[in-house]
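Undergrad: Counted the way our numbering counts, the sequence shown spans residues 649 to 722. By construction, the Cβ of each residue, glycine as well, lies at the ideal position given by its N, Cα and C atoms. Dropping a structure here in C-alpha cells format, bear with me for questions.
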Amino acid sequence: MQIIRASEVGEYVYCARAWWLRRVAGLEPAGRARREHGTALHARHGRAVALSSVLVIAGVALAVVAVALIFIAR
C-alpha cells in the first residue's frame with residue numbers, strides 16, 4: 649500500500665492532470681531552474697524584509713537615545 653502525502657493531495661486538488669503527469673507518467677514540469685531561481689530570490693527578499701524591520705527598530709531606539717541626550721545636556 650502506497651502512502652499518499654498531503655502535498656500530493658494538494659497537487660491533485662490544484663490540477664489533477666499535473667498530478668497524473670508527474671506521478672503516473674513520470675514527467676517533470678518544465679521550468680525547474682526558473683522555479684528554483686525564483687525561490688532563491690524570494691528567500692533573499694524575505695531576509696531583506698526581516699533585516700529592514702530590525703533596522704527600523706534600531707533607528708527608533710537611536711532617535712530615543714538622541715532625544716534623551718539632548719535633554720540631559722541642558
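Hey, does LEU689 have any beta-carbon neighbour from chain C nearer than 9 Å?
TA: No chain C is part of this structure, which consists of one protein chain only.
Undergrad: With GLU656 and ARG671 assumed to form a contact (beta carbons below 8 Å), what rounded beta-carbon distance in angstroms separates them?
TA: Along the sequence shown, read from residue 1 onward, the residue named residue 656 stands at position 8. Along the sequence shown, read from residue 1 onward, the residue named residue 671 stands at position 23. The Cβ separation is near 7 Å, so the contact holds.
Undergrad: Hey, could you find the ends of the alpha helix (DSSP H) LEU717 is sitting in?
TA: The sequence position of residue 717 within the sequence shown is 69, counting from 1. 680-721 is the span of the alpha helix (DSSP H), which, as asked, contains LEU717.
Undergrad: How big is the Cα-Cα spacing for GLY679 and ILE651?
TA: Your numbering for residue 679 matches position 31 in the sequence shown. Your numbering for residue 651 matches position 3 in the sequence shown. Rounded to whole angstroms, GLY679 to ILE651 spans 27 Å at the Cα level.
Undergrad: Which of helix, strand or coil does DSSP assign to ARG801?
TA: There is simply no residue 801 to check, as the chain begins at 649 and stops at 722 in what is shown.
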